[in-house]
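Quick notes on the structure that follows.
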Amino acid sequence: MDKFKNMDGHYSEKNFWRKLKKFALKAGHSVVYTALLLYFTLQKPDLPVKAKATIIGALGYFIFPMDLIPDIAVGLGYTDDLSALGIALVQVAMYIDEDVKAKAKQKLYDWFGKDVDTSDVDNKL
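First residue of the sequence shown: 1, per full-length UniProt numbering; consecutive thereafter.
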């Protein structure tokens, strides 16, 4: 949790969608799907404050332009983003229901087509 504390100031819905759309193909399906799961979980009105803070921190890290590993580094650029998003995903997994998964998958399918395999991420939930 403390890992994401300073990143909450970097999260905004506008910045989230801008980064996700710009780097979706480079980031890959797992990063995008994980980010979408967290985003749609954050939209739940009954989500506890601690879970919101975890998600906002992780998405803030994803959006933040100065990563530990720059996003432009071929083959490694999104590993730190996926790690941060993955940690948050595990911490809030209890709030990710079928509705959240369906919304995230639909957006993923809209961008990448129906042949996307989400099983790696889904198996962590």
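The C-beta atom is built at its ideal place from N, Cα and C for all residues, glycine as well.
A Cβ-Cβ contact shorter than 8 Å links L38 with A58. In the displayed model, V116 falls within coil according to three-state DSSP, outside both helix and strand.
Assignment of beta strand (DSSP E) within the region 11-57, counting only whole runs of 3 or more residues, yields no such run.
Distance from the CA atom of F62 to the CA atom of W17, rounded to whole angstroms, is 11 Å.
Here the region 83-98 does not lie against the region 106-113, with fewer than 3 beta-carbon pairs under 8 Å apart. When DSSP states are grouped into helix, strand and coil, F62 belongs to the helix group. Taking the C-beta atoms as reference points, K124 is found nearer than 8 Å to V90.
For the pair L82 and V116, the CB atoms are not nearer than the 8 Å cut-off.
Taking Q106 as reference, the option from E13, Y33, D46, V121 with the minimal CA-CA separation is Y33. Counting only the Cα atoms, A88 lies some 14 Å from L47. Rounded to whole angstroms, the separation of the alpha carbons of Y11 and T118 is 25 Å. Here G60 is buried: its Cβ has 16 or more other Cβ atoms, across all protein chains shown, within 10 Å.
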